[in-house]
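Data first, discussion second: the structure below is written as structure tokens.
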Amino acid sequence: MNFLPCSPLHSSLCKLLSHCGEKHLLTFRTKHDPSASSLEADRPRSCSSKQWCNFKFPSTGASEDYFGVCSEVMIKDNVVVVYEVLEEMLDNGFPLATESNILKELIKPPTILRTVVNTITGSTNVGDQLPTGQLSVVPWRRTGVKYTNNEAYFDVIEEIDAIIDKSGSTITAEIQGVIDACVKLTGMPDLTLSFMNPRLLDDVSFHPCVRFKRWESERILSFIPPDGNFRLLSYHVSAQNLVAIPVYVKHNINFRDSSSLGRFEITVGPKQTMGKTVEGVMVTSQMPKGVLNMSLTPSQGTHIFDPVTKLLTWDVGKINPQKLPSLKGSMNLQAGTSKPDENPTINLQFKIQQLAISGLKVNRLDMYGEKYKPFKGIKYMTKAGKFQVRT
13 MNFLPCSPLH SSLCKLLSHC GEKHLLTFRT KHDPSASSLE ADRPRSCSSK
63 QWCNFKFPST GASEDYFGVC SEVMIKDNVV VVYEVLEEML DNGFPLATES
113 NILKELIKPP TILRTVVNTI TGSTNVGDQL PTGQLSVVPW RRTGVKYTNN
163 EAYFDVIEEI DAIIDKSGST ITAEIQGVID ACVKLTGMPD LTLSFMNPRL
213 LDDVSFHPCV RFKRWESERI LSFIPPDGNF RLLSYHVSAQ NLVAIPVYVK
263 HNINFRDSSS LGRFEITVGP KQTMGKTVEG VMVTSQMPKG VLNMSLTPSQ
313 GTHIFDPVTK LLTWDVGKIN PQKLPSLKGS MNLQAGTSKP DENPTINLQF
363 KIQQLAISGL KVNRLDMYGE KYKPFKGIKY MTKAGKFQVR T
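Residue numbers for the sequence shown follow our numbering, so the first one is 13 and each next one is one higher.
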């Protein structure tokens with residue numbers, strides 16, 4: 013991994029966020045990435061992979077819950093709170109408290125008013141009392157939870173990665189899925205979530221609250237949920253016969269020999285969407301260096317071609333199956349340059365509401381241990397990950 017060179021922030025983080033001993037070492041660094049900045053850490057040899065995953069994955073979610081975004085600027089502005097949170101998440105270098113709702117009881121999230129009060133009084137964000145959940149057999153849930161409106165919402169979100177060849181055949185396709193939950197229930201409810209087709213799920217990773225033995229034997233999720241937002245599970249579907257491609261692209265991109273003109277035509281349409289609308293469609297294509305400019309006409313949406321970076325962006329929006337969106341026109345090539353060796357690839361972004369492209373469906377959600385009837389809701393969404401069409 014490539015990291016930022018030594019800087020005051022890097023040095024202070026290494027000092028503040030390192031737990032050193034004879035058998036373990038945890039060092040956090042700011043990772044250099046033009047598109048994102050995050051905390052990275054090396055797993056100590058004495059810490060098992062399971063323990064490390066239990067710490068590393070919630071740490072990013074905790075930072076987003078506290079500050080809204082995990083970035084280098086956020087770390088600089090809240091380095092004391094970051095240190096306090098990580099100090100509670102680690103015990104002698106090992107993962108301890110990783111649940112967001114427990115951490116918020118231990119270390120109060122920063123606000124403008126709280127920052128002003130702390131500056132005047134010299135106090136900190138550290139809570140006065142130990143969270144009640146830390147003393148129970150269910151450490152991820154605090155005791156005495158009460159709500160006027162009891163509700164449990166689950167979002168099934170699937171991201172499809174695919175490479176489509178020139179003829180429209182699928183080279184590779186896989187689905188990365190997660191089930192995110194927002195549970196606001198009074199007391200200590202015990203939930204069970206069942207699926208109509210649980211055998212679709214492969215390479216599943218669970219929240220610690222899930223009873224794994226029951227999943228193995230019955231393929232039912234049984235758990236006492238944390239209070240608030242959490243990720244119940246993540247899964248992977250890699251069998252290509254189970255991955256339906258929801259959109260297609262018809263393309264005609266030609267570069268003529270010994271000519272300064274080329275032809276560019278693409279049409280986007282729905283393929284296997286179960287009647288659902290494809291929306292938020294964005295098409296990008298990195299054109300060859302020899303392309304000076306493009307004169308294009310879209311049937312819908314807007315397009316931009318950057319003559320410096322050679323990046324074509326077409327914001328399509330929503331696809332109407334009765335009138336498919338298209339982008340047609342010509343390309344002006346640099347005089348005297350040879351025909352490009354390869355045609356550009358087309359990258360797609362899209363989302364489809366109320367559809368899990370793998371076919372996964374929740375059968376029912378039941379609650380035990382409490383007498384009230386909560387409001388329950390399930391929402392599905394499919395979106396593009398790395399979706400590429402070769403031309």
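C-beta: ideal position from N, C-alpha, C; glycine also.
query	result
Hey, quick one: how far does the alpha helix (DSSP H) through L98 stretch, first residue to last?	V91 to M101
For G371 versus A256, is the C-beta distance shorter than 9 angstroms?	yes
Label S181 either buried or exposed according to how many other C-beta atoms from any shown protein chain fall within 10 Å of its C-beta, with 16 as the threshold for buried.	exposed
Rounded to a whole number of angstroms, what is the C-alpha to C-alpha distance between V91 and E111?	20 angstroms
Per DSSP, N266 forms a beta bridge with which residues?	R275
Taking DSSP as the reference, what is the three-state secondary structure of Y384?	coil
Sort out for me which residues DSSP pairs K225 with in a bridge.	In the DSSP output, where bridge partners are listed per residue, K225 has none listed.
Going residue by residue through the region 305-367, where are the continuous beta strand (DSSP E) segments of at least 3 residues, counting only ones entirely within it?	314-318, 323-329, 338-345 and 358-365
By Cβ distance, which residues of its chain are closer than 6 angstroms to Y260, with the 5 residues on each side in sequence left out?	G281 and K283
Name, in chain order, the residues that DSSP records as bridge partners for R402.	In the DSSP output, where bridge partners are listed per residue, R402 has none listed.
Report, in whole angstroms, the separation of the C-beta atoms of V293 and I265, which I expect to be a contact under 8 angstroms.	Not really, about 19 angstroms apart at Cβ, beyond 8 angstroms.
Is the separation between the beta-carbon of T349 and that of L367 shorter than 9 angstroms?	no
Less than 8 angstroms between the CB atoms is what I'm expecting for L115 and I191, so what's the real figure, rounded?	Actually they are not in contact, since the Cβ atoms of L115 and I191 sit about 22 angstroms apart, beyond 8 angstroms.
Rounding to the nearest angstrom, what Cα-Cα distance links T39 and V97 in this structure?	Residue placement at T39 is poorly supported in this model, since its pLDDT is 41, which falls under 50; the coordinates are not used for a value here.
Pick out whichever of L213, V295, Y392 and I232 has its Cα sitting closest to the Cα of L324.	V295
Rounded to a whole number of angstroms, what is the C-alpha to C-alpha distance between A185 and V94?	38 angstroms
Inspect the beta-carbon positions of N344 and T403 and report whether they are closer than 9 angstroms.	no
Can you check DSSP and say which residues form a bridge with E186?	D173
Rounded to the nearest angstrom, what separates P300 and D327 at their Cα positions?	20 angstroms
I want to know whether the region 157-175 touches the region 217-224 - three or more CB-CB distances under 8 angstroms.	no
In whole angstroms, what is the alpha-carbon distance linking F166 and K391?	6 angstroms
Pick from D318, K373 and M101: whose alpha carbon is nearest that of Q298?	D318
Assuming the contact rule is C-beta atoms closer than 8 angstroms, I236 and R153 should be a hit. Round their C-beta distance to whole Å, please.	6 angstroms
Which two residues bound the contiguous beta strand (DSSP E) that contains L233?	I232 to F235
Can you name, in chain order, every residue of its own chain whose Cβ lies under 8 angstroms from the Cβ of Y384, other than the five neighbours on each side?	N162 and T198
Taking just the CA atoms, how far does D89 sit from S83?	10 angstroms
From K158 to V168, what does the alpha carbon distance come to, in whole angstroms?	26 angstroms
Measure the C-alpha to C-alpha separation of F267 and P337 and round it to an integer number of angstroms.	23 angstroms
So, are the CB atoms of L308 and L339 less than 9 angstroms apart?	yes
Tell me which residue opens and which closes the beta strand (DSSP E) that D215 is part of.	D214 to F218
How should F399 be labelled, buried or exposed, when 16 other C-beta atoms within 10 angstroms of its C-beta is the threshold for buried?	buried
Hey, would you say H248 sits closer than 9 angstroms to I187, going by beta carbons?	yes
Are the CB atoms of Q361 and T289 nearer to each other than 9 angstroms?	no
Can the beta-carbon of P201 be found closer than 9 angstroms to that of P386?	yes
Rounding to the nearest angstrom, what Cα-Cα distance links E170 and D215 in this structure?	14 angstroms
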